[in-house]
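Visitor: First to last, the protein sequences are chains A and B. Residue 236 is where the first sequence starts when you use my numbering, and the numbers rise one by one after that. Residue 81 is where the second sequence starts when you use my numbering, and the numbers rise one by one after that. Ideal Cβ positions, reconstructed from N, Cα and C, are used throughout, including at glycine. Quick caveat, the model's predicted, so the values are computed rather than measured.
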Amino acid sequence: MTVTLFVPRDTSARSVGADDVAERLAACLGPDADVRLVRTGSRGMLWLEPLVEVATPDGRVGYGPVTVDDVDGLVDAGLLEGDDHPLRLGPVEDLPWMRGQQRLTFARVGVVDPLSLEDYRTHGGLVGLRRALAMTPSDVVGEVEESGLRGRGGAGFPAGIKWRTVHDATSATKYVVCNADEGDSGTFADRMLMEGDPFTLIEGMLVAAHAVGATQGYIYLRSEYPAAAETLRTAIDIAYVNGLLGESVLGSDLRFDLHLRMGAGAYICGEETSMLNSLEGRRGEIRAKPPIPALVGLFGRPTLVHNLLTLASIPMIAVDGGHAYAEHGVGRSRGTQVFQLAGNLARGGIVETAFGITLRELVEEWGGGTANGRPVRAVQVGGPLGAYLPADGLDLPMDYEAFAEAGAMVGHGGVVVFDDTVDMAVQARFAMEFCAEESCGKCTPCRIGSRRGVEVIDRIIADQDRDLNLVVLDDLCEVMVDGSLCAMGGLTPMPVRSAIRHFSEDFRRPGTTPAPAFGRADESDRHADRHPAPAGAMTRSATEGTQ
Amino acid sequence: MTGVAPAAGPGLGVLEAVDLAVAAHRDDEGPLLEVLLSVQAELGWVPPEATRLVAERLNLSRADVHGVVTFYADFRDSPPAVHRLRVCCAEACQARGSRDLVHVAERRLGVGLGEQTPDGRWELDKVFCLGNCALGPSIEVDGATRGRITAASLDTAIARAESAGTGAGTGAGT
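Next comes the structure, spelled out in structure tokens:
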């Protein structure tokens, strides 16, 4: 009987050697072995990568983290039978990390062969699309309204309102645009879904196209994700060949063309209007709203713009109906959120669960505290524009409104953990530095404000008129919040102010030379060491380079 | 201009690269970014001559094309080195020591961020997020993401790229 082995092809798994493990497995088993090696997405238990699974009568048994050097021993120990070994984790579906989740959007990621349409169908794919195509567009919009789904990109805008607006707009051409410009640090769910289950995204976009009357679709993908691009490109080709894209989708009247477009290294293009300009081949400068993209979007036409996870949530809603989806969650945060645990955590990865779970549960129970065992000091939620929360402020339910009340934001669900060696004045400075580097330049508070912000924080760190400069910084933050055209300048003060509020002692240390931006501290250091030095010679303590 | 990288890819001049790119994307809606990405994928950078030709072919002003080229960080105005090392400097990797890792990388290659080695073999840069935030600190070597990087595994990654011969460090990581 053919034995099936699974090794992830996900970028994170490959970043720690999954390709080498797969290669070694194939070599070790030999060409005559009756083994099928499937390259899946990742289960999202990233600390266990590379995670090798084998199909057994008791389900898929996992081993991890597997290094190349472990492979021969694993095979000898009876990997193909799911036998015992120090790296054996047991049936993957029964692991507490997997069992405790409610995987709706990520149900197939890590399970299926991402580029097998047959696998996709076997695991419930296309059921939602078939059901949606049998309904009137307006009824499909109604399901999304009922689901309570809100934009997963960060702003949390009710999806149903957008769908209704584009549906009601009159135009010969309408667009569905997927924002896959996942630039926020601490977020990687978009990437993992594209690499692990791309047909879900395509199906979601098809349902959306049917509902709002769109014939053209674009996926805007950042250039830092070449593997996702390759997977998507192949998936789109497969979809065309199998009648899922193009004329008469699945034999219906729906016609939908889908294009993949690459970005070119601009964080701001994750902002929807900036992304639209970039898709049009222009500088990624943001547009003032109104007009809203739902009415005047890509090439001036009505456009449904959504984050990738929002669109990938649609097939499930189409299968079970909006009501079933809305059963999950709390308050006005319905459904599930794909939380991404990142930074200094023992167990980083994907936790998809209903809204309402607390940040402490995510960091301590799921994440297992820091990787190096030091105390957690700060947690940044929602990307570079999200607030820093202190270790004693983690009893906050993951819920758009609860976070907003606490001066923070859920954003795209990214959670980045720092240990007690972090210097929050340096992190505040970085927030301004990042804004200065990535600002599109369209509005003054963002373009100039961020540069002045770096300078003012440098003076605070150096203890030059510290109290006065803290007032100036607060003033500057107010101008940026009130005067910026988009969330880039408008939210950059959030990490800065939260750092000052929760970690004021870091802004009160004896004056030091302003922290250098990334890289060389000074020129003499640089030229003193032109020649490569042996390994380990320059390992520094965790804080030395920053203060 | 330092480095051994030629002004154009093997056998392909600026004119041919532009014409190929324009032909491939002529029917796209809003083709400029696509065309420029193709040109860079072919040549490794966007020479001034290409800007002029692209403007001409797409019936745009040179200012429009120049504006787009200079807006996006991926577009290069000089030829790439053979290999490219990028260190992720976003928050999740900062929490895992990427600031120190930058120093290590600088000393290994003997250049600072944004610089090339005098022999044109390596260039070093930072990148804001490779989407590998649970397995940081992360680097990208010739387009491939590597996680859980230490000083020792950085050396291994550099050595592996060297022994793999010519790099894939050109272009926009595609």
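(1) Using CA atoms only, rank isn't needed, just tell me which of B/Asp-222, B/Ser-233, B/Leu-140 and B/Ala-231 is closest to B/Gly-245.
(2) Are A/Val-731 and A/Ala-666 touching if we call contact CB-CB under 8 Å?
(3) What residues from chain A crowd round B/Glu-109, counting only those whose CB sits closer than 7 Å?
(4) Within 10 angstroms of its Cβ, does B/Gly-124 collect 16 or more other Cβ (buried), or is it exposed?
(5) Do A/Phe-423 and B/Gly-211 count as a contact pair if the criterion is CB distance below 8 Å?
(6) Extract the residue ranges of the beta strand (DSSP E) inside the stretch 125-186 of chain B, only unbroken runs of 3 or more that lie entirely within it.
(7) Just reading off the alpha helix (DSSP H) that A/Ala-613 is part of, what are its end residues?
(8) Does DSSP put A/His-647 in a helix, a strand or coil?
(9) Run down chain B in chain order and give the residues with a C-beta less than 7 Å from the C-beta of A/Ser-513.
(10) Would you call the stretch 168-177 of chain B and the stretch 639-658 of chain A in contact, with 3 or more CB pairs under 8 Å?
(11) So the candidates are A/Val-442, A/His-541, A/Ala-463 and A/Gly-383; which of them puts its Cα closest to the Cα of A/Leu-485?
(12) Does any residue of chain A have a CB that is nearer than 8 Å to the CB of B/Glu-171?
(13) Specify the secondary structure class of A/Asn-579 as computed by DSSP and reduced to three states.
(14) Any C-beta of chain B sitting closer than 8 Å to the C-beta of A/Ala-663?
(15) Which one or two residues does DSSP pair with A/Cys-221 in a beta bridge?
(16) Am I right that A/Met-497 and B/Leu-116 are in contact with their C-beta atoms under 8 Å? What's the rounded C-beta distance?
(17) How should A/Met-236 be labelled, buried or exposed, when 16 other C-beta atoms within 10 angstroms of its C-beta is the threshold for buried?
(18) Could you pull the DSSP bridge partners for A/Met-370 from this structure?
(19) Select from the stretch 152-166 of chain B all residues with a C-beta closer than 8 Å to any C-beta belonging to chain A, and list them in chain order.
(20) Sort B/Asp-180, B/Gly-194, B/Gly-192 and B/Arg-187 by Cα distance to B/Ser-218 and report the nearest one.
(21) Rounding to the nearest angstrom, what Cα-Cα distance links A/Val-531 and B/Ser-178 in this structure?
(22) For B/Arg-226, return the contacting residues in chain A, with the cut-off set at a CB-CB distance below 7 Å.
(23) Using 8 Å as the limit for Cβ to Cβ distance, is B/Ser-218 near chain A?
(24) Taking the alpha carbon of A/Ala-697 as the reference point, which residue from A/Ser-674, A/Gly-746 and A/Ala-415 has its own alpha carbon closest?
(25) Below 8 Å on C-beta distance, what does A/Leu-281 contact in chain B?
(26) Just the C-alpha distance for B/Glu-111 and A/Gly-646, rounded to the nearest angstrom, thanks.
(27) In three-state terms, what does DSSP make of B/Ala-224?
(28) DSSP puts B/Glu-203 in a beta bridge; with which residues?
(29) Is any beta-carbon of chain A found at less than 8 Å from that of B/Gly-124?
(30) At the level of alpha carbons, what is the spacing between A/Arg-761 and B/Ala-239?
(31) Between the alpha carbons of A/Phe-753 and A/Ser-458, how many angstroms are there, rounded?
(32) Since A/Leu-711 and A/Gly-688 should fall inside the 8 Å C-beta cutoff, what is the C-beta to C-beta distance between them, to a whole number of angstroms?
(33) Quick one, which of A/Ser-548, A/Leu-726, A/Arg-609 and A/Ala-613 has its alpha-carbon nearest A/Arg-343's?
(34) Could you tell me the distance, in whole angstroms, from the CA atom of B/Val-167 to the CA atom of A/Val-289?
Guide: So, from the data block:
(1) Minimum Cα distance to B/Gly-245 is reached at B/Asp-222.
(2) Yes. Within cutoff.
(3) Simply Phe-534.
(4) Buried.
(5) Yes, they are a contact pair.
(6) Counting only runs of 3 or more, we get 163-168.
(7) That residue, A/Ala-613, is in no alpha helix (DSSP H); its beta strand (DSSP E) goes 611-616.
(8) Note: A/His-647 maps to coil in three-state DSSP.
(9) The contacting residues are Leu-113.
(10) Yes: the two stretches touch, three or more of their Cβ pairs being nearer than 8 Å.
(11) If we check each option's Cα against that of A/Leu-485, A/Val-442 comes out closest.
(12) Taking a beta-carbon distance threshold of 8 Å, B/Glu-171 counts as an interface residue toward chain A.
(13) DSSP, reduced to helix, strand and coil, places A/Asn-579 outside both helices and strands of the structure shown, so it counts as coil.
(14) Closer than 8 Å: no.
(15) For residue 221 of chain A there is no data in the structure shown, the boundaries of chain A being 236 and 782.
(16) 11 Å between Cβ atoms; not a contact.
(17) When all chains shown are included, A/Met-236 counts as exposed.
(18) Beta-bridge pairing by DSSP links A/Met-370 to no other residue.
(19) Flagged, chain order: Tyr-152, Ala-153, Asp-154 and Phe-155.
(20) Minimum Cα distance to B/Ser-218 is reached at B/Asp-180.
(21) Answer to the nearest angstrom: the Cα atoms are 42 Å apart.
(22) Result: Ser-250.
(23) Interface residue, yes.
(24) Minimum Cα-Cα distance from A/Ala-697 among the listed residues A/Ser-674, A/Gly-746 and A/Ala-415 corresponds to A/Gly-746.
(25) Within chain B, the C-beta atoms nearer than 8 Å to that of A/Leu-281 come from Ala-214 and Leu-215, in chain order.
(26) What sits at residue 111 of chain B in the sequence shown is Pro, not Glu. Rounded to whole angstroms, B/Pro-111 to A/Gly-646 spans 32 Å at the Cα level.
(27) When DSSP states are grouped into helix, strand and coil, B/Ala-224 belongs to the strand group.
(28) DSSP lists B/Arg-164 and B/Gln-196 as partners of B/Glu-203.
(29) No, because no Cβ of chain A sits closer than 8 Å to the Cβ of B/Gly-124.
(30) Any reading at A/Arg-761 needs caution, since the residue's pLDDT is 34, under 50, leaving its predicted position unreliable; the model's value is listed next. A/Arg-761 and B/Ala-239: Cα-Cα distance of roughly 22 Å.
(31) If I take the Cα positions, the gap works out to 22 Å.
(32) Rounded, the Cβ-Cβ distance is 6 Å, consistent with contact.
(33) The residue with the shortest Cα to Cα distance from A/Arg-343 is A/Ser-548.
(34) Distance from the CA atom of B/Val-167 to the CA atom of A/Val-289, rounded to whole angstroms, is 35 Å.
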